[in-house]
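What follows is a set of notes on a single structure, which appears directly below.
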Amino acid sequence: MLEKLAEIKSKAIDELSSLSDLRELEAWRVRYLGKKSELTQILRGLASLPLEERKAVSASANELKAFFETSHRENKESLKERAYQEMEAATVGRQITLPTGIPSAETFGIPDVTLPGRPIPLGRLHPTTQMLCRICDIFVALGFQVVEGPEVEWDYYNFEALNIPPDHPARDMFATFWIETESGQRPMLLRTHTSPMQIRVMERTQPPVRVVVPGKVYRYEATDATHESMFYQIEGLAVDEHTTFSDLKGTLYEFAKRLFGEERRVRFRCDYFPFVEPGVEMAIDCMACGGSGCRLCSGTGWIEILGAGMVHPDVLRRVNYDPEVYTGFAFGLGLERIPMLLYGIDDIRLFYSNDLRFLRQF
Ligand code: YSA
């Protein structure tokens, strides 16, 4: 048996010296250390040997096993190192031909530096956020501050303080999501527009005031291509002594020029909002047809982008501003409508349906 072990050892050493890759080394390990190897069979059969022979064979067989294990470990390291160096050589522009049978470096946890880099997926800002930042930047450059306010609002701020008492027909303009409250508590709702922030800002600030307020608003409405039940608005408010309608027009002209380009024409027409007097809507000439009329502008040549007006004296009185001393203008625009115009997006619902094919375009 001892002779047999010596024979196994010499054969294994011979084979080891001619191994050229890790796959061959693995086959060698199975052959000499695997469950079906001669050595394993000898170790398993030790119990059946006479005592004296068992002692001698056991010592030699275990010694051989340890020798094989060490040889395997050392050869594995050196073959791995060799594979790695060959991979590395390829990155400095030298063409190498890998010896056949060398498995890919990644099999051993070594990055294959010859492969093209994998693109790292980058996040991006939502198109609404991008537009919100762009519009706020324009107003900041014109001297406005950006403030935010609550989306769950009191009826008082959303309606009453804005000259829309209970049962006022103007409430119909703002289909409302009401919040269930305890009986006797003041009514609460999801704000239907950003205008309640006009009151909140004026309550805690003395003129001069110049703010823009971006944020989500909610309407209890069926959705369609131009209507969502949750969308964004940006409110603007400027109050000071001697603020006039010309200031309103000048500010909004400048805003439209900076956002849509110098060549856009701007039109103001009378409109009604209970919290302004006079009230106007501002439209720009249709960028799709240049004003001649098309589907985008419903054949009118103009696209309405915001509502505005001079702050109503009753609103100023409610926040303890003297309307004989102070005047102001305000405006509110629907945010999604702007990228829809600029990029020709024909359905507002695309913004919030989380379709990455849409979102990745911005
Ligand atoms: C008017 C005068 C001011 O001095 C200040 C603000 C305002 C605007 C007013 N608070 C308001 O909300 N008017 S509005 O009901 O006409 O909405 C303003 C804009 O929001 C619309 O021009 C439109 O662009 C957008 N909008 C309205 N309902 C929408 C919507 N966008 C998407 N989905 C909806 N359901």
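Per my numbering, residue 243 is the first one in the sequence shown, and the count goes up by one each step. Cβ atoms here follow ideal geometry from the backbone N, Cα and C, with glycine treated the same way.
Counting only runs of at least 4 residues, the segment 431–458 fully encloses the following alpha helix (DSSP H) elements, listed from N- to C-terminal order: 438–446. Closer than 8 angstroms to some heavy atom of the ligand YSA: that does not describe the Cβ of G541.
When the five nearest sequence neighbours on each side are left out, the beta carbons in the same chain lying within less than 6 angstroms of the beta carbon of G570 are those of A480, V481, T485, V553, in order along the chain. In the structure shown, P555 adopts helical secondary structure according to DSSP, grouped into three states. Under the DSSP assignment, A572 falls in the beta strand (DSSP E) whose first and last residues are 568–576. In this structure R591 touches T465 by the C-beta definition: roughly 6 angstroms separates them, less than 8 angstroms.
In the assembly as shown, I547 is a buried residue. Its beta-carbon has 16 or more other beta-carbons within 10 Å. Between T370 and F600 a beta carbon distance of about 12 angstroms is seen, past the 8 angstroms cut, so the two are scored as non-contacting. Taking the CA atoms as reference points, V508 sits about 11 angstroms from G492. The ligand YSA has a heavy atom closer than 8 angstroms to the beta-carbon of Q475. Residue environment analysis places R579 among the buried positions, since at least 16 neighbouring C-beta atoms fall within 10 angstroms of its C-beta.
Boundaries of the beta strand (DSSP E) around F510: 508–513.
Under DSSP, L479 forms a beta bridge with V453, A572. At the C-beta level, K318 and L374 stay beyond 9 angstroms of one another. If you check the CB distance, A412 and P581 do not come in under 9 angstroms. In the three-state scheme derived from DSSP, where H, G and I count as helix and E and B as strand, D597 is classed as coil. For L558, the Cβ stays outside the 8 angstroms cut-off from all heavy atoms of the ligand YSA. For the pair of segments examined, the segment 396–410 was found not to touch the segment 353–372: the number of CB pairs separated by less than 8 angstroms stays below three. With fewer than 16 other Cβ atoms inside 10 Å of its own Cβ, W420 counts as exposed. With distances taken between CA atoms, R271 lies nearest to I250 out of S290, I250, G532, V451.
For the 9 angstroms CB-CB criterion, T434 and R461 form a contact. In the DSSP assignment, M582 is bridged to no other residue.
DSSP places E496 inside the alpha helix (DSSP H), whose first and last residues are 487–502. Pairing T447 with I587, the inter-Cα distance amounts to about 39 angstroms. Per DSSP, the beta-bridge partners of D527 are W544.
Annotation: the segment 354–419 contains the following complete segments of the beta strand (DSSP E) (minimum length 3 residues), in chain order: 394–396.
When the alpha-carbon of Y274 is set against those of L291, M430, P456, A248, the nearest one is in A248. A heavy atom of the ligand YSA is found nearer than 8 angstroms to the CB of E463. Residue R511 holds the alpha-carbon nearest to the alpha-carbon of F487 among S279, R511, L432, V355. For D256, the enclosing alpha helix (DSSP H) covers residues 244–259. Assignment of beta-bridge partners to M472 by DSSP yields Y460. Annotated as distal: L490 and F381, with beta-carbon spacing of 9 angstroms or more. Where Q283 is concerned, the enclosing alpha helix (DSSP H) starts and stops at 280–286.
A direct Cα-Cα distance of roughly 47 angstroms separates S425 from I526. In this structure, the beta-carbon distance from E523 to A550 falls below 9 angstroms.
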